Amino acid sequence: MEKLKAILIEIVVIIVILFIISIAALVDLRLKDSNSTSEAIGDMYLSLEQEKKEINYLGDNIKKEGEELRNLKDKMNSIKSNGGNDWNNLVIEYNGKLNEYNKKTTEYNEKVKSYDKRYEQYEKMKQKNENIIKWFKTLIGTD
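Under UniProt numbering, think of the first position of the sequence shown as 1, with each following residue one higher.
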């Protein structure tokens, strides 16, 4: 009976040790995933900041060009009564600047859409990383 009891205790100890080893391996896998995700999140954050600067720069340029267009339109309206070549030249210049303004506005809108998609991905990755850390804390019992 004593021998059977000793064998059962050894089996239980071996099972507990295997369980602890498997938990440690699982934690190690999660931490590696968390570290690589953290690096990716950092890189993505820097990329998003750069895109944000570019978008702000484009937005400022669009505002300046919009102001130039308003000034040209005011000039056109003041010269309209005189007619002639001055008015025609202003109309041609206005149309050229309007086309450029529309192109830049389209580019700005595309960059904003791209930024929004990437920011959404960034938030999802960040949330996933936080969930991994929370899971690890729960597992070791510090949370």
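Using N, Cα and C, we set each Cβ at its ideal position, and we do this for glycine too. A quick note: this is a predicted structure, and the numbers were derived from the prediction, not measured.
Listed in chain order, the non-local C-beta contacts of S47 below 8 Å within the same chain comprise R118, local neighbours out to five positions each way being set aside. Between Y94 and K73, the gap from beta carbon to beta carbon is short of 8 Å. By the criterion of at least three beta-carbon pairs nearer than 8 Å, the segment 63-79 is not in contact with the segment 2-21.
Under the Cβ criterion (8 Å, minimum of three pairs), the segment 112-127 does not count as touching the segment 60-69. Contact between K111 and E51 holds, with the beta-carbon distance rounding to 7 Å and staying under 8 Å. Sequence-distant Cβ neighbours of L26 in its own chain, meaning closer than 7 Å and more than five residues away, do not exist here. In this model, L4 and V12 are separated by some 12 Å (Cα to Cα). Sequence-distant partners of S38 (beyond 5 residues in either direction) whose C-beta falls short of 8 Å from its own C-beta, in its chain, are N129. The straight-line gap separating the alpha-carbon atoms of D60 and K124 is approximately 30 Å.
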